[in-house]
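Novice:
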Amino acid sequence: MSLPDMRQLEEAALHAWEHAFEPDPASREKFYLTVAYPYPSGAMHVGHGRTYIVPDVIARFWRMRGRQVLYPMAFHVTGAPVIGISRRIARGDEKAIRLYRDLYKVPSETLERFTDPLEIVRHFSEEYRRVMTACGLSIDWRRRFTTVDPQYSKFIEWQWLHLHEGRHVNKGAHPVRFCPQCDNPVGDHDLLEGDKAEILKFTLVMFEWNDSLIPTATLRPETIYGVTNLWVNPDVTYVKALVDGVSWVVSREAAEKLALQDHEVTVIAEIPGTTLIDQVVRHPLCGAVPILPAKFVDPAMASGVVMSVPAHAPFDYIALRDLQAEGKYTAISPIPLIKVPGYGDFPAKDAVERAGIRHQTDPAMEALTQEVYSAEFSSGILFEQYGGEPVRQARESVAALMTEKYRSAVMYEFDTRPVVCRCGGQVFVKILHDQWFLLYSDPAWKSQVSEHLAQMTLVPAEVRTEFERTIGWLKDWACTRRVGLGTRLPWDPDWLIEPLSDSTIYMAYYTISHLLKECRPEELTPEVFDYLFLNKGSPPAHPDKERLDAMRREFEYWYPYDFRFSAKDLISNHLTFQLFHHAAIFPPRSMPRGMVVFGMGLLNGAKMSSSKGNVFLLEDAINEFGADTVRMFLVGSAEPWQDFDWRNDLVHSTKKQIERFWNMVQESLSAGGETTDADRWLLSRLQAHIVKTTEALERFQTRQALQEAFYAIDSDLKWYRRRLPPGMQGGSAYRALGHIWTRLLAPVIPFTCEKLWTDTGGEGLVSFAPWPIADPEKTDADLEMAEELLLRTLEDIDSIRRVLQITPTLITLCVAPSWKREIFSAVATSADKNTVIREIMKDEQMRKRGKEATETTRQCTTLIHRLPPAFIEQYLKGGINEMEIFQNARDFLERECAIPVRVVDAEESRHPRAAVALPLKPAIVIE
RNA sequence: GCGAGUGUGACUGAGAGGCCAAAAGUGACCGACUCAAGAUCGGUUCUCGCAGGAGUUCGCAGGUUCGAAUCCUGCCACUCGCACCA
59 MSLPDMRQLE EAALHAWEHA FEPDPASREK FYLTVAYPYP SGAMHVGHGR TYIVPDVIAR
119 FWRMRGRQVL YPMAFHVTGA PVIGISRRIA RGDEKAIRLY RDLYKVPSET LERFTDPLEI
179 VRHFSEEYRR VMTACGLSID WRRRFTTVDP QYSKFIEWQW LHLHEGRHVN KGAHPVRFCP
239 QCDNPVGDHD LLEGDKAEIL KFTLVMFEWN DSLIPTATLR PETIYGVTNL WVNPDVTYVK
299 ALVDGVSWVV SREAAEKLAL QDHEVTVIAE IPGTTLIDQV VRHPLCGAVP ILPAKFVDPA
359 MASGVVMSVP AHAPFDYIAL RDLQAEGKYT AISPIPLIKV PGYGDFPAKD AVERAGIRHQ
419 TDPAMEALTQ EVYSAEFSSG ILFEQYGGEP VRQARESVAA LMTEKYRSAV MYEFDTRPVV
479 CRCGGQVFVK ILHDQWFLLY SDPAWKSQVS EHLAQMTLVP AEVRTEFERT IGWLKDWACT
539 RRVGLGTRLP WDPDWLIEPL SDSTIYMAYY TISHLLKECR PEELTPEVFD YLFLNKGSPP
599 AHPDKERLDA MRREFEYWYP YDFRFSAKDL ISNHLTFQLF HHAAIFPPRS MPRGMVVFGM
659 GLLNGAKMSS SKGNVFLLED AINEFGADTV RMFLVGSAEP WQDFDWRNDL VHSTKKQIER
719 FWNMVQESLS AGGETTDADR WLLSRLQAHI VKTTEALERF QTRQALQEAF YAIDSDLKWY
779 RRRLPPGMQG GSAYRALGHI WTRLLAPVIP FTCEKLWTDT GGEGLVSFAP WPIADPEKTD
839 ADLEMAEELL LRTLEDIDSI RRVLQITPTL ITLCVAPSWK REIFSAVATS ADKNTVIREI
899 MKDEQMRKRG KEATETTRQC TTLIHRLPPA FIEQYLKGGI NEMEIFQNAR DFLERECAIP
959 VRVVDAEESR HPRAAVALPL KPAIVIE
């Protein structure tokens with residue numbers, strides 16, 4: 059059988075598909091699906107392939123179901139990454155150049171132009187489009203755009219004016235990780251060290267010392283009432299600095315940090331730690347206390363000075379105890395202030411003693427501190443004289459009081475240090491000003507989103523809890539940037555809109571993007587978009603009202619989108635953000651309907667990663683295996699939401715399977731017109747496969763669909779061929795099957811099927827051919843059961859022969875007699891297995907058989923348990939005549955067994971084994 | 001650490017209280033066809049068994065049930081997310 063020339067076949071199909079997938083509003087029902095548009099900063103690998111191919115399979119399926127299907131694509135180019143890449147390439151960074159030249163195979167003359175960031179996205183978006191087309195994606199390329207198109211910017215401006223009006227954006231100060239060397243905030247992925255570090259908010263408690271203030275940093279301001287002393291590290295050099303005009307004493311490091319946190323700082327003098335020891339300081343809430351020496355005080359931690367609450371802080375307790383053991387400061391005793399269940403007056407002391415800790419440096423100290431802190435926070439209550447509030451509340455109220463009356467300030471610090479930037483510099487906390495925030499923390503907004511989420515279809519269902527959690531967890535999002543590509547904030551043009559924030563409702567933009575290209579950007583005022591998307595106001599005085607109305611119709615027709623497809627790592631940002639923005643901008647009838655969340659990709663068992671070079675480029679895969687093979691492998695190796703593993707050996711075998719399919723359909727073209735039982739059986743089975751394939755695709759189960767549409771039919775054909783009379787190549791059903799089979803597989807392997815469709819006499823493109831519909835008339839359950847019975851019997855014969863050591867010369871099948879069938883039916887229909895035997899024995903004929911009858915009842919009970927319920931149900935309907943089935947199939951059975959086969963009624967046989975015959979399980983006698 | 005999810009035979013992966021020794025595909029082995037290799041086709045692939053059977057398995061340890069890969073509890077391992085970044 060000649061194999062298809064895939065390349066030629068692909069070219070022919072691509073030619074036929076040109077402009078075929080450019081849907082306009084129609085009277086038919088629509089199906090609008092979107093994917094997260096790519097950021098084209100590198101070449102596509104096979105992982106990307108799946109992201110776009112799975113939705114394409116779904117798109118093609120619904121198109122064949124008669125829907126008007128829209129599958130658009132665009133390119134996300136806003137943000138900073140390409141700027142970084144172009145800089146690295148410009149400065150000759152080896153690693154970047156290797157990645158682009160060797161892995162992504164960018165020609166050197168193109169690479170030279172990559173010093174311009176726009177060249178990078180231009181190059182790769184062209185590549186994306188080329189490769190996506192080669193994959194057979196049924197995308198409407200007329201609607202393609204990039205996020206720096208001037209029309210798109212107008213759309214973003216419109217959206218943001220609404221967000222502003224709706225009070226969803228606000229300006230504020232915000233602490234961020236900041237690298238003074240880079241002069242920029244640093245994200246997680248920019249850190250060499252300390253990527254787990256969180257920013258903690260300390261309260262600076264101001265102690266007075268001579269003409270200066272000594273700020274001690276604490277997370278527990280309420281413990282001020284129990285302060286017995288301060289701790290200062292005698293080995294550290296402190297500084298006296300003017301902070302906003304007031305003299306403070308802090309560590310040198312602290313002075314630098316404070317300068318980044320909204321303070322004007324001038325260092326005046328150095329003060330050795332030793333100078334501070336034994337000095338006396340005052341605070342209105344605890345009176346005068348001395349400064350004591352402690353080595354554990356870290357100058358890099360917040361202000362470098364801490365207050366000591368030995369009753370409640372294990373570190374403080376043990377440090378004081380150690381000093382007192384040397385006979386120093388014996389006059390100081392811990393001051394309790396919090397009542398905690400499970401502890402005495404001095405929780406720190408209890409904890410230390412319970413844990414048997416002897417020394418400050420004991421590694422268990424951290425955990426112990428945490429234990430005491432959490433206990434006090436969750437169930438501690440301040441003593442009456444300190445207000446009697448639970449710690450939880452007191453923490454807030456005491457901090458507020460100190461800020462208001464006692465000059466306390468806030469200082470941010472990391473919980474773990476050091477934090478190091480990719481450039482090697484130390485990272486600090488800086489307070490950014492004038493930053494704009496999307497107020498995702500707004501409870502009203504959150505609940506609006508939650509309510510909508512409850513009505514959405516989510517696939518797989520398990521992701522719902524993750525979405526719910528994300529909605530609850532989201533805090534305000536800093537949504538503006540100073541650097542990068544993007545649209546400027548309309549009311550504050552010094553800021554650029556952050557790239558995740560400009561990609562939230564662009565699915566609406568697709569509906570009109572092809573028509574917008576004709577519009578001059580300056581015509582696209584907010585009123586125009588209000589009219590288009592919100593049906594607000596009358597059409598503004600626009601030079602081309604007809605075009606506006608055409609756009610309105612597009613939007614009204616397509617929106618809302620039916621499904622959005624995206625990888626699961628986007629749940630906690632993009633996928634949830636877009637719900638917030640839809641809720642803020644659109645009325646309920648335009649809200650998204652569903653989302654499908656994908657798993658991640660592996661390559662030969664290891665995580666795919668461009669930076670590690672562990673990628674397989676999609677274009678290479680297509681060239682090597684053919685687009686259909688790549689498609690079939692990607693949708694067939696795992697369901698969309700599962701992680702999948704690209705393995706070359708499995709891809710190879712996928713290619714062979716497509717070839718087998720091709721051969722079988724070609725072969726079916728020459729099949730004869732005779733109709734045998736096997737043909738009726740094949741058609742009957744096919745109806746079920748049609749139903750199951752359809753249901754699977756409706757649920758996005760592409761793997762399941764392929765299992766039914768390919769492997770299940772394939773294995774039916776194996777049996778079919780076995781059943782055909784010798785010499786017969788294939789009957790009428792085989793021929794009919796080819797025509798249907800081609801359509802069932804068309805969404806997955808459209809290139810191959812386009813050609814086969816033509817060959818099998820289909821009209822037009824298979825891409826638009828009607829999806830097969832199961833014909834219940836063709837289903838014959840009795841026939842299917844008869845074949846199943848034959849198969850089971852053959853298996854039984856086989857398993858006997860395997861253990862048998864004689865060479866058999868004759869097989870006798872002994873069919874169960876009618877009285878056994880009666881018992882079988884009685885057992886199968888009885889509700890109570892315990893009384894059934896009594897019922898049976900009421901019959902006189904059965905009583906005569908005595909022990910034989912009870913034994914048969916027992917055997918039937920066991921057998922019924924072991925057979926599929928559907929099988930038994932069908933048997934009870936009465937259309938099965940075992941004797942007839944086996945008699946009719948005698949030729950077949952003899953062929954299979956290669957020895958004579960006799961079929962008799964069990965009662966006619968004198969062989970002792972004949973007695974074990976049961977309905978659906980004839981006794982087999984091999985001699 | 002916190003949150004969500006996953007853990008099945010050599011591998012990928014069905015399975016959602018009795019049809020389960022557990023689908024399908026891959027791999028491996030054996031046969032057929034070939035001068036031969038490949039492709040293709042047929043068979044076998046947990047252990048034992050001279051009659052269609054029995055035994056031991058579904059991350060680990062318990063529990064519920066007449067009965068558990070499937071339900072519950074605990075533990076272990078892996079994946080994803082934890083934000084100013086696409």
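In the numbering used here, each number is its position in the first sequence, counted from 1, plus 58. Just so you know, even glycine gets a beta-carbon here, dropped at the ideal spot from N, CA and C. Note that the coordinates shown come from a computational prediction; the quantities given were computed from them, not determined experimentally.
1) Does the ligand SAM have a heavy atom nearer than 7 Å to the CB of Ile898?
2) Suppose you measure from the CA of Leu871 to the CA of Ala791; what does that come to, to the nearest Å?
3) Determine the DSSP secondary structure at Lys900, reduced to helix, strand or coil.
4) What number of angstroms, rounded off, separates the C-alpha of Arg647 from the C-alpha of Ala94?
5) Tell me which residue opens and which closes the alpha helix (DSSP H) that Ser436 is part of.
6) Hey, out of Ala78, Leu573, Trp720 and Phe623, whose CA is closest to Lys603's CA?
7) Which of the three DSSP states is assigned to Tyr567 in this structure?
8) Inspect the beta-carbon positions of Thr634 and Val723 and report whether they are closer than 8 Å.
9) Roughly how many angstroms separate the alpha carbons of Glu677 and Asp160, rounded to a whole number?
10) Please list, in chain order, all residues of the same chain as Phe1016 whose beta carbon is under 7 Å from its beta carbon, the five residues on each side excluded.
11) In angstroms, rounded to a whole number, what distance separates the CA positions of Val983 and Ala973?
12) Could you check how far apart the C-beta atoms of Leu543 and Thr136 are, in whole angstroms? I think they sit under 8 Å.
13) Whose CA, out of Ile680, Ile272, Arg960 and Ala928, lies closest to the CA of Met64?
14) Around the Cβ of Asp620, are there at least 16 other Cβ atoms within 10 angstroms (buried) or fewer (exposed)?
15) Does DSSP put Asp703 in a helix, in a strand, or in coil?
16) Please report the distance separating the alpha-carbon of Tyr997 from that of Trp503.
17) Once the 5 residues before and after Met59 are set aside, which same chain residues still bring their CB inside 6 Å of it?
18) Spatial neighbours of Ile563 within its chain, please: CB distance less than 8 Å, with the 5 preceding and 5 following residues excluded, ordered by chain position.
19) Reducing DSSP to helix, strand and coil, say where Met59 ends up.
20) Verify whether the separation of the beta carbon atoms of Tyr129 and Ala117 is less than 8 Å.
21) Might you give, ordered along the chain, the residues of its own chain that have their beta carbon closer than 6 Å to the beta carbon of Gln759, omitting 5 neighbours on each side?
22) Val894 to Ile943, Cα distance in whole Å?
23) At which residues does the beta strand (DSSP E) containing Val301 begin and terminate?
24) Find the nearest neighbour of Ala50 within the set Arg146, Ala458, Pro368 and Ser876, judged by alpha-carbon distance.
25) Short of 6 Å in beta carbon distance, which residues of its chain neighbour Ile798, apart from the five on each side in sequence? Order them along the chain.
26) If contacts are defined as beta-carbon pairs under 8 Å, then Val323 and Ala313 qualify, I think. What distance do you get, rounded to the angstrom?
27) Anyone know if the C-beta pair for Phe702 and Gly657 falls short of 8 Å?
28) Is it buried or exposed for Asp686, if we count other Cβ within 10 angstroms and need 16 for buried?
29) If I measure Cβ to Cβ from Phe441 and keep anything under 6 Å in the same chain, skipping five residues before and after, which residues do I get?
30) Whole angstroms is fine: what's the gap from Trp739's alpha carbon to Thr816's?
31) With respect to the beta strand (DSSP E) encompassing Asn228, which residues constitute its N-terminal and C-terminal limits?
32) Put His134 into one of helix, strand or coil per three-state DSSP.
33) In or out: Trp531 buried (at least 16 other Cβ within 10 Å) or exposed?
34) Look at the alpha carbon of His77 and the alpha carbon of Met565, and state the distance between them as a whole number of angstroms.
35) How far does the beta strand (DSSP E) with Thr274 in it extend, from its first residue to its last?
Specialist: Answer, in terms of the structure:
1) This structure simply doesn't include the ligand SAM, nor any ligand for that matter.
2) For Leu871 and Ala791, the distance between alpha carbons rounds to 30 Å.
3) Judged by DSSP in its simplified three-state form, Lys900 adopts coil rather than helix or strand.
4) Our two residues, Arg647 and Ala94, have alpha carbons roughly 22 Å apart in a direct line.
5) Residues Met423 to Ser437.
6) Taking only the C-alpha atoms, the option nearest Lys603 is Leu573.
7) DSSP, reduced to helix, strand and coil, places Tyr567 within a helical segment of the structure shown.
8) Cβ distance not < 8 Å, so Thr634 and Val723 don't count as in contact.
9) Going by the C-alpha atoms only, they are around 14 Å apart.
10) Only positions 59 to 985 of the chain appear in the structure, and residue 1016 is not among them; the question remains open.
11) Taking the straight line from one Cα to the other gives about 11 Å.
12) Their Cβ separation, rounded to whole angstroms, is 5 Å, which keeps Leu543 and Thr136 in contact under 8 Å.
13) Closest option to Met64, Cα to Cα, is Ile680.
14) Buried, because 16 or more other Cβ atoms sit within 10 Å of the Cβ of Asp620.
15) The answer is strand: DSSP assigns Asp703 an E or B state.
16) Nothing in the structure corresponds to residue 997, since the chain is present only between 59 and 985.
17) Unreliable positioning characterises Met59 in this predicted model, as indicated by a pLDDT of 45, which lies under 50. A coordinate reading is not provided.
18) So the list reads Gln217, Gln636, His639, His640, Ile643 and Phe644, once near-sequence residues are dropped.
19) Bear in mind that the predicted position of Met59 carries a pLDDT of just 45, short of 50, making it unreliable; the figure below should be weighed with that in mind. Reduced to three states, the DSSP call for Met59 is coil.
20) When the beta-carbon positions are compared, Tyr129 and Ala117 come within less than 8 Å of each other.
21) So the list reads Glu697, once near-sequence residues are dropped.
22) One Cα belongs to Val894, the other to Ile943, and the distance between them is close to 29 Å.
23) In the DSSP assignment, Val301 falls within the beta strand (DSSP E) that extends over Thr295 to Val301.
24) Residue 50 falls outside the range modelled here, since the chain spans only 59 to 985, and no answer is possible.
25) Leaving aside the five residues that flank Ile798 on each side, the residues in its chain whose CB is nearer than 6 Å to its CB run, in chain order, Pro830.
26) Contact holds; Cβ gap of about 5 Å.
27) Note that the C-beta distance between Phe702 and Gly657 is below 8 Å.
28) Taking a 10 Å sphere around the C-beta of Asp686, we find 16 or more other C-beta atoms and assign the residue as buried.
29) For Phe441, same chain residues with a beta-carbon under 6 Å away, outside a window of 5 residues either side, are Leu395 in chain order.
30) Across the structure, Trp739 and Thr816 are spaced so that their CA atoms are roughly 27 Å apart.
31) Where Asn228 is concerned, the enclosing beta strand (DSSP E) stretches over Val227 to Cys237.
32) If DSSP states are grouped into helix, strand and coil, His134 belongs with coil.
33) Exposed: under 16 other Cβ atoms inside 10 Å.
34) Each residue's Cα considered, the two are about 21 Å apart.
35) Looking at the DSSP string, the run of the beta strand (DSSP E) that includes Thr274 is Ser270 to Thr276.
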